[in-house]
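In this note's numbering, the protein residues as written are -8 to 207. For glycine and all other residues, C-beta sits at the position ideal for the given N, C-alpha and C. Computed from a predicted model, the values in this text were never measured in an experiment.
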Amino acid sequence: MSVLISPSLLSADFGNLNSEIDLINESEADWLHIDVMDGVFVPNISFGFPVLEFVNRRCAKPLDVHLMIVEPQKFINEVKQIGGAIMTVHYEACTHLHRVVQQIHAAGMKAGVSLNPHTPVALLEDIIEDVDVVLLMSVNPGFGGQKFIPRILDKVRDLKAMIARRHAHALIEIDGGVNLETGRQLVEAGADALVAGSFVFHSEAPLETIARLKQL
Ligand code: DX5
Ligand code: ZN
-8 MSVLISPSLL SADFGNLNSE IDLINESEAD WLHIDVMDGV FVPNISFGFP
42 VLEFVNRRCA KPLDVHLMIV EPQKFINEVK QIGGAIMTVH YEACTHLHRV
92 VQQIHAAGMK AGVSLNPHTP VALLEDIIED VDVVLLMSVN PGFGGQKFIP
142 RILDKVRDLK AMIARRHAHA LIEIDGGVNL ETGRQLVEAG ADALVAGSFV
192 FHSEAPLETI ARLKQL
C-alpha cells in the first residue's frame, strides 16, 4: 500500500479557502488534516466548528481531525457533525483515554491517539488494539512550519514492532516537519500516513508536491 497523504489545512490560504479545498479535491491526497487548537493545550488557536462545517460541505476527502485541545471528549458529537472520519485526541489530554476511544467509535468515527514528542510509545501498550490511528507528533504541536525532530524515527520503529507483536491494526501517522526527505525516512521506518502542511500549501505546485509525497 502506498503511503497515505493528509495535507494540513492549517497552512492553507484562508482568504481563498474555496480554491484551496478544490485543490485538495483534485489532488491525490487521501485525507484532509484539520488542526483544532484551543489556546490551552497548545499555545495557539486555529479554527472552530463553524468554519469546519463549510470545509466539510466543500471537501470530498475524508476529514482527519486532530484535536489539540483539553477535554476533547466534550466535542465528539461536533466532530461527527462536521463530517469527521477520523477523530484524533491527545494521550496527554485524556485521563480516561479508553473511554474516549470507545465513545469516538460509538459515534461512528475512526479513533486516533496522538503523542507529543516527549511521550513514549510504550504508554500505548494497553490501548493499541483499540485504536485505528496513532498520530506521532514530530514537532511540538501548535504551529505549522517547524523543524522535524529526528528522534521520532525510532518511535516509529518501536511502535511498528508493538503493533505487529500485538496483532493490532493501527495505522502510524506522522505530523510535523514532513517534506520529501523526512517523508522518505519516515516511510522507511514504517509510517503509513504523513501529514504535510507548509510543504504542500507553500510549495509552487501543490498538486505535484502531493503526488511526489504519494510516491515515497
Ligand atoms: C502542528 C499541527 C500540524 C501542522 C503541520 O501542531 O498539528 O498538523 O499543520 O505543519 P507542517 O507540515 O508545516 O509542519
Ligand atoms: Zn496536526
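| Item | Value |
| --- | --- |
| Whose C-beta lies closer than 8 Å to the C-beta of K52 among residues of the same chain, with five residues either side of it excluded? | I15, N16, A20, D21, W22, L23 |
| For the ligand DX5, any of its heavy atoms closer than 6 Å to the Cβ of L126? | no |
| Can you find a heavy atom of the ligand ZN that lies under 6 Å from the Cβ of D26? | yes |
| Between V31, F66, I73, which lies nearest to V46 when the distance is taken from Cα to Cα? | I73 |
| Consult DSSP for A51 and reduce its assignment to one of helix, strand or coil. | coil |
| So, with DSSP's three-state summary, where would you put E164? | strand |
| Taking all protein chains shown into account, decide if P63 is buried (16 or more other Cβ within 10 angstroms of its Cβ) or exposed. | buried |
| Since I believe N131 is in contact with P111 (beta carbons under 8 Å), could you give me their beta-carbon distance rounded to a whole number of angstroms? | Rounded, the Cβ-Cβ distance is 16 Å, inconsistent with contact. |
| For H87, is the classification buried or exposed, using 16 other Cβ atoms within 10 angstroms of its Cβ as the cut-off for buried? | exposed |
| Using C-beta distances below 8 Å, list every residue in its chain close to N68, excluding the 5 sequence neighbours before and after it, in chain order. | A98 |
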